[in-house]
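Quick note, our numbering runs 131 ahead of the 1-based positions in the sequence shown.
Heads up, the beta-carbon is just placed ideally off N, CA and C, and yes, glycines get one too.
Quick caveat: nothing in here was measured; it's all calculated off a predicted structure.
See structure below.
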Amino acid sequence: MQANQKMCVVCGMPLVKVEDYPEGADTNVVDWCKYCGTKDNMNSYEQALKGMTEFMMKSQGMTEEQAKKAAEEALKNSAAYKDGRLK
Ligand SMILES: [Zn+2]
């Protein structure tokens, strides 16, 4: 891994190309991916939970209940939400 390798603080996706960032984002400032926010703001916890729940249902074939639980678990361990930057 390169020293300047950045990862999305929400989901952990590597931020390699400018396309990985939200459209129009300043890649020196923004440290989240296009799935986790806009160029100005990270998604709120509620938005992130909803998005991740849908993602889990689609990608893992979980029921909504299972997916929500898994999403809550994932976000609990996410640096972005753990350090209190977002509520
Ligand atoms: Zn992300």
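One Cα belongs to VAL141, the other to GLY168, and the distance between them is close to 9 Å. Annotated three-state conformation of LYS137 is strand, per DSSP. Contact between LYS137 and ASP162 is confirmed by a C-beta separation of about 6 Å, below the 8 Å threshold. A distance below 8 Å between beta-carbons, with the five flanking residues on each side excluded, links LYS170 to the following residues of its chain, in chain order: TYR152, PRO153, GLU154, GLY155, ALA156, ASP157 and VAL161.
Cβ contact annotation for MET187 (same chain, cutoff 7 Å, sequence separation greater than five): MET193, ALA198, ALA201 and ALA202, in chain order. Around ligand 1, the residues whose beta-carbon falls short of 6 Å from at least one of its heavy atoms are CYS139, VAL141, CYS142, MET144, TRP163, CYS164, TYR166 and CYS167, given in chain order.
In the structure shown, the three-state DSSP call for GLY168 is strand.
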